[in-house]
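Undergrad: What follows is a single structure, and I will ask about it in a moment.
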């Protein structure tokens, strides 16, 4: 880009190595820092990324297995298929709830339940097999606060963040279920806003009264292992609404 | 689609110097022209769910190929493909057609996510702080270019390189190999590997800027 001053040969070589993904450890940290602070370096990295892009032509397409689109659909959540009007309404209610959240836990919880169960424009859900439940997921000293609502009738779980320290690009928040057996099960990486997921049948059976929900800080994309790898920011137990 | 053949291509054993692989536009790239993908991405950005399904139908095989090539594990690749499309759903508004071709934008996202996963695998037991050095999820902004012209130029310039630096550059880009991994695979000191690749990159740049 014309506005950026030319880089030294050394810097440009570093940009190329960075774009190729060759760097590790301290060198990688240096390149990251430069990318953050030096626009000329950033432009150089872009340019190299761009130069290498035709290499993708050398990769043969492979048909992915069936079922991935369905999994993507599930992860995106049901609300996304609704009209934008509903989303606006939900946002407005969420904003109101945020104000209330600091005050009344019970009120916040019931509002979250209302958000979960009341879905304008949809046929009323079948009679619940069991009562809906809520969990206040909180961290020490109010550093993190979320509310979860669980509707066993249609296996939908919604988690609304009220106060959550933002995750940077290198980190994600991950939601965990810790049922009676004490073994954490990942419920997925949390989106920036409200999380809505439909829980599979076997897992749904574990979302019972007294089961713990927790949020941990993980590397971007979620924990590399079976359980949480980073600090637990908040936790709370499911109780009957 | 010849899945079996594609799998073999995607899972080479170790780093070898392959015979010259044509770097031309593959049928997959040619079949998904920019003018078709750009409106799809725009529709996805506006929350159009069927558009996401269409985008998936057109691009998932290409992206899965890139991811599988990098990760060499079908279960990991499936997860990353899923992550990539969830990310596309959430970030499609950030796609800027003036700056990147849609397929390049998507491939970059897929590659960054895969490298992220690769590095995470490598430091699975390292503390969380180490993870902050992982490659960013966001594709960086590209300058406006004529993709086809650029592809032709890169092909010509890569062809001008000796086979070794060319294979090494491709291995880094498509297999996610780091300097130390390449040095180990080739059985040479790290410094030697660095100077091989740096010389290759210099030549490549010189050729591209001619």
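Residue numbers (our numbering), protein chains in the order written: chain A, 1 to 241; chain B, 1 to 210. All residues carry an ideal CB built from backbone N, CA and C; glycine is no exception.
#1: Between residue 167(B) and residue 46(B), what straight-line distance do the alpha-carbon atoms span, to the nearest angstrom?
#2: Mark residue 26(A) as exposed unless 16 or more other C-beta atoms lie within 10 angstroms of its C-beta, in which case mark it buried.
#3: Can you tell me which of 23(A), 177(A) and 153(A) puts its alpha carbon nearest to the alpha carbon of residue 159(A)?
#4: I need the straight-line Cα distance from residue 150(A) to residue 195(A), nearest angstrom please.
#5: Please state whether the Cβ-Cβ distance between residue 56(B) and residue 55(A) is less than 8 angstroms.
#6: Since residue 74(A) contacts residue 239(A) with CB under 8 angstroms, what's their CB separation in whole angstroms?
#7: For the segment 143 to 190 of chain B, which segments carrying the alpha helix (DSSP H) assignment without a break, of at least 4 residues, lie completely within its bounds, in sequence order?
#8: Among 96(B), 66(B), 199(B) and 35(B), which one has its Cα closest to the Cα of residue 213(B)?
#9: Would you tell me roughly how many angstroms separate the C-alpha atoms of residue 137(A) and residue 232(A), rounded to the nearest one?
#10: What does residue 107(B) touch in chain A if you count any residue whose Cβ is under 8 angstroms from its own?
#11: Let me know the secondary structure DSSP gives residue 218(A) once reduced to three states.
#12: Assign residue 59(B) to one of two classes, buried (16 or more other C-beta atoms within 10 Å of its C-beta) or exposed (fewer than that).
#13: Determine, using beta carbons only, whether residue 196(B) comes closer than 8 angstroms to chain E.
#14: Using the three-state DSSP reduction, which class does residue 194(A) fall into: helix, strand or coil?
#15: In the segment 22 to 43 of chain A, which residues sit with their C-beta less than 9 angstroms from some C-beta in chain B, listed in chain order?
#16: Please state if the CB of residue 78(B) and the CB of residue 221(A) are separated by a distance shorter than 8 angstroms.
#17: Quick check: what's the CA-CA separation for residue 107(B) versus residue 46(A)?
#18: Can you tell me where the alpha helix (DSSP H) with residue 234(A) in it begins and where it stops?
#19: Please state whether DSSP places residue 210(B) in a helix, a strand or coil.
#20: For chain A, is any of its Cβ atoms less than 8 angstroms away from the one on residue 65(B)?
#21: Going by CA-CA distance only, name the one from 10(A), 11(A), 22(A) and 13(A) that's closest to residue 173(B).
#22: What are the boundary residues of the alpha helix (DSSP H) that residue 47(A) is part of?
#23: Can you find the residues in the same chain that come closer than 8 angstroms, C-beta to C-beta, to residue 169(B), ignoring five residues on each side of it along the sequence?
#24: Give the DSSP bridge partners of residue 185(A), in chain order.
#25: Taking the alpha helix (DSSP H) that residue 161(A) falls in, what are its first and last residues?
#26: Which of helix, strand or coil does DSSP assign to residue 60(B)?
#27: Let's test the definition: count the other Cβ atoms within 10 Å of the Cβ of residue 113(B) and tell me whether it reaches 16, buried, or not, exposed.
#28: Measuring CB to CB, does residue 213(A) end up less than 8 angstroms from residue 175(A)?
#29: Pop quiz: residue 67(B) and residue 81(B) are said to be a contact at Cβ under 8 angstroms. What is the actual Cβ separation, rounded to whole angstroms?
TA: According to the structure data:
#1: If I take the Cα positions, the gap works out to 41 angstroms.
#2: If you draw a 10 Å sphere on the C-beta of residue 26(A), you find fewer than 16 other C-beta atoms in it, and that means exposed.
#3: It is 177(A).
#4: Between the C-alpha atoms of residue 150(A) and residue 195(A) there is a straight-line separation of about 12 angstroms.
#5: No, the Cβ-Cβ distance between residue 56(B) and residue 55(A) is not below 8 angstroms.
#6: Not confirmed; about 26 angstroms, so no contact.
#7: Within the segment 143 to 190 of chain B, complete alpha helix (DSSP H) segments of at least 4 residues are found at 147 to 160, 163 to 175 and 179 to 186, given in chain order.
#8: Residue 213(B) is absent from the model: chain B starts at 1 and stops at 210.
#9: C-alpha separation (whole angstroms): 11 angstroms.
#10: For the C-beta of residue 107(B), the chain A residues within less than 8 angstroms are, from N- to C-terminus, 53 and 56.
#11: DSSP places residue 218(A) in strand when its eight states are reduced to three.
#12: Sixteen is the threshold: when 16 or more other Cβ atoms of the shown chains lie within 10 Å of the Cβ of residue 59(B), as they do, the residue is buried.
#13: Checking the listed chains, one finds no chain E in this structure; the protein chains it contains are A and B.
#14: In the structure shown, residue 194(A) sits in coil (DSSP, three-state: anything other than H, G, I, E or B).
#15: Answer set for the segment 22 to 43 of chain A: 22, 23, 24, 25, 27, 28, 29, 32, 35, 42 and 43.
#16: It is not a contact, given that the beta carbons lie outside the stated cut-off.
#17: The alpha-carbon atoms of residue 107(B) and residue 46(A) are separated by roughly 14 angstroms.
#18: Segment 232 to 240 is the beta strand (DSSP E) holding residue 234(A); no alpha helix (DSSP H) there.
#19: If DSSP states are grouped into helix, strand and coil, residue 210(B) belongs with coil.
#20: The beta-carbon of residue 65(B) is placed less than 8 angstroms from the nearest beta-carbon of chain A.
#21: Looking only at 10(A), 11(A), 22(A) and 13(A), the smallest Cα-Cα distance to residue 173(B) is reached by 22(A).
#22: Segment 39 to 52, the alpha helix (DSSP H) holding residue 47(A).
#23: Excluding residues within five positions, the ones whose Cβ falls inside 8 angstroms are 158, 161, 197, 200, 201 and 204.
#24: Within the DSSP bridge table, the entry for residue 185(A) names 177(A) as partners.
#25: Element bounds for residue 161(A): not the alpha helix (DSSP H) but the beta strand (DSSP E), 156 to 163.
#26: Helix.
#27: The residue in question, residue 113(B), is buried, as its Cβ has 16 or more Cβ neighbours within 10 Å.
#28: Yes, the Cβ-Cβ distance between residue 213(A) and residue 175(A) is below 8 angstroms.
#29: Confirmed, about 6 angstroms.
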